[in-house]
Each structure stands twice: as structure tokens, then as C-alpha cells.
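The structure appears right after this line, and notes come after that.
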Amino acid sequence: MQKNNNAIALTSIIAGVILVVALVALFTYGRQGSVEEDTLTVQGVSTIKVLPDWVSVYFIIQTNGTTSAEASEDNNEIYNRLYNALIRDGFKNSEIGTESFNVYPNTYYDNGAQRTDGFIAAHQVKVEFSTNETGKISLVVDDGINAGAGVSYINFELSTNLQNQYKAQALEEASIDAKAKADAVAKGFGKSVGKLVTVSVDNYNYYPWVMYSAEGVRSDSSAKLAAQNINPTTQDVTAMISATYKLV
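Put into C-alpha cells, the structure is as follows:
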């Protein structure tokens with residue numbers, strides 16, 4: 131009987147110790163979990179005005195044929211005339227490139243039924259050169275039209291090197307803007323900015339300057355007129371970031 135009482139007492143003591151430990155742990159966790167650190171999230175924005183360094187003229191060569199081979203052959207003849215004219219006018223092979231080339235059935239609907247009438251070959255060609263040579267735009271357009279190609283677009287663009295340069299600059303300036311905003315807001319609340327918690331890039335915008343677009347309707351006279359009156363202008367490159375800081 132005495133042994134049983136001792137066992138019961140020992141069990142009660144152990145259970146009591148476990149309960150106390152559990153309560154202490156729960157109390158400690160509850161206090162820590164209820165403490166929320168003050169943070170501040172801001173957006174940083176930057177806008178850079180840039181000048182393009184490339185002119186890009188896009189041509190479309192479209193031909194029809196009873197067979198895919200015939201459509202392709204006629205298309206190549208026009209391309210060769212365009213290519214040879216550009217080379218004669220001093221353009222480099224590296225400045226002339228194919229953007230896309232497709233041959234597909236010429237399908238249409240007649241009284242609800244799909245029909246096929248030969249094939250279409252479509253070749254998009256891009257000619258690009260420095261904006262220091264904008265006087266050549268008319269020459270390029272004339273070469274294309276005389277060869278039998280249509281002008282799709284005339285764009286001012288940034289080279290890959292300049293895109294990377296301005297992207298880095300815009301994002302850096304957006305980061306500086308975010309930090310300045312965070313400092314100002316924190317000061318207003320009598321606090322200061324602490325450690326950076328998170329940062330994300332929300333947006334970076336660069337689009338080519340479209341100076342001429344055929345807009346679905348080929349017009350050689352409109353393309354020639356546009357080519358005579360095109361000069362590069364500044365354009366905005368923008369960046370936006372979000373940053374979260376601790377407040378101390």
C-alpha cells in the first residue's frame with residue numbers, strides 16, 4: 131500500500147512539472163508571437179529621357195503561287211533584288227536580316243465551306259542602321275519599294291547595349307527614390323529606416339518609337355513621305371520597384 135502511494139505521489143509531481151514547463155513555454159511563445167515589428171513599404175519610381183541609337187525599317191514580302199515552291203521562289207526573287215540594292219548602296223550584310231519567313235496555304239471561306247487556292251509566302255525583313263545616318267531612311271524605303279516589298283514599320287530603337295545600360299540606371303534611380311521616400315516617412319513618425327526586408331521590381335518599360343506603320347494597308351506613297359520627315363526624338367524609359375524596410 132505504501133509503495134502504491136509513493137508511485138502516485140511521484141506521478142503527480144512529474145505531471146505537475148510537465149504542466150509548469152508547458153505553461154511557461156506557452157506564455158513565452160505568446161509574448162514573442164504577439165510582438166510585431168514595424169515595417170514600411172514604399173514604391174520607388176524613375177524616368178529617364180533617352181535618345182535611340184538605331185533606325186529599323188521593316189519590310190514585308192508577300193507572294194502567291196499555285197505551289198509552295200512557286201510562292202517561295204517568287205518571294206526569294208524580290209528579296210534578292212532588295213538585298214542587292216541595299217548592298218550596292220553601302221549597307222553591310224550584318225545590317226540586313228530576316229525576322230520571319232513562312233509559307234502556308236491560301237485558305238478562304240466560300241458559302242461557309244473552307245477552300246484553298248494555292249500558297250502564300252511571307253517574308254519579314256529588317257534593315258537596321260545608326261541614327262547618325264537617318265538620311266538613309268528614304269534610300270532604304272525606295273530600295274524596298276522598287277524591289278517589290280512593302281514597308282511595314284519604321285522604328286527608332288535602342289541597341290541591346292543601351293537597353294541594358296538604361297535599365298540598370300533606371301532601376302538604380304528607382305531604388306534611390308524608394309530609400310528617400312522611406313527616410314522621409316520614417317522621420318515623420320519619429321523613427322528611422324533600418325534593415326531592408328524585401329525588394330521587388332514592379333515594372334520596367336521600354337518600347338520602340340514607331341514613326342511609321344502601314345496599319346494593315348500598303349501605301350508606298352505614304353511610306354516614302356514618312357521617310358522624308360523622320361528625326362529621332364527623346365523617349366521615356368521608366369522603372370518602378372517596391373521595397374520594405376524595418377523601422378527602428
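Take 131 as the starting number for the sequence shown in the numbering used here and just add one per residue.
Just so you know, even glycine gets a beta-carbon here, dropped at the ideal spot from N, CA and C.
- Per DSSP, G195 is one residue of the beta strand (DSSP E) stretching across 184-195.
- Ranking N194, T171, K179 by CA distance to the CA of P362 puts K179 first.
- Around the Cβ of A279, a 10 Å sphere holds 16 or more other Cβ atoms; the residue is buried.
- Under DSSP, E258 takes part in a beta bridge, and its partners are S186.
- The C-alpha of Q299 is placed about 12 Å away from the C-alpha of D307.
- Per DSSP, Y342 is one residue of the beta strand (DSSP E) stretching across 339-343.
- Just so you know, the alpha carbons of A357 and D273 end up roughly 12 Å apart.
- For Y209, the three-state secondary structure derived from DSSP is helix.
- Taking a contact as a CB-CB distance under 8 Å, the pair T228 and N236 does not count as one, their CB atoms being some 21 Å apart.
- Per the Cβ contact rule, the stretch 284-293 is in contact with the stretch 184-191 (3 or more Cβ pairs under 8 Å).
- Annotation note: the stretch 255-318 contains the following uninterrupted beta strand (DSSP E) runs of length 3 or greater, listed N- to C-terminal: 280-287.
- K179 sits in a strand when the DSSP states are folded into three classes.
- Per DSSP, S372 is one residue of the beta strand (DSSP E) stretching across 365-377.
- For D350, no beta strand (DSSP E) encloses it; the enclosing alpha helix (DSSP H) starts and ends at 350-357.
- Beta bridge pairing from DSSP links S330 with S372.
- Note that the C-beta distance between Y342 and S352 is below 9 Å.
- Taking C-beta atoms as the reference points, S305 and A251 fail to come closer than 9 Å.
- Residue burial annotation: F319 is exposed, with fewer than 16 other C-beta atoms found within 10 angstroms of its C-beta.
- Put simply, of N206, A310, Y337 the residue whose alpha carbon is nearest the alpha carbon of L170 is A310.
- Inclusion of A312 and Y375 in the CB contact set at 9 Å is warranted, their separation being smaller than that value.
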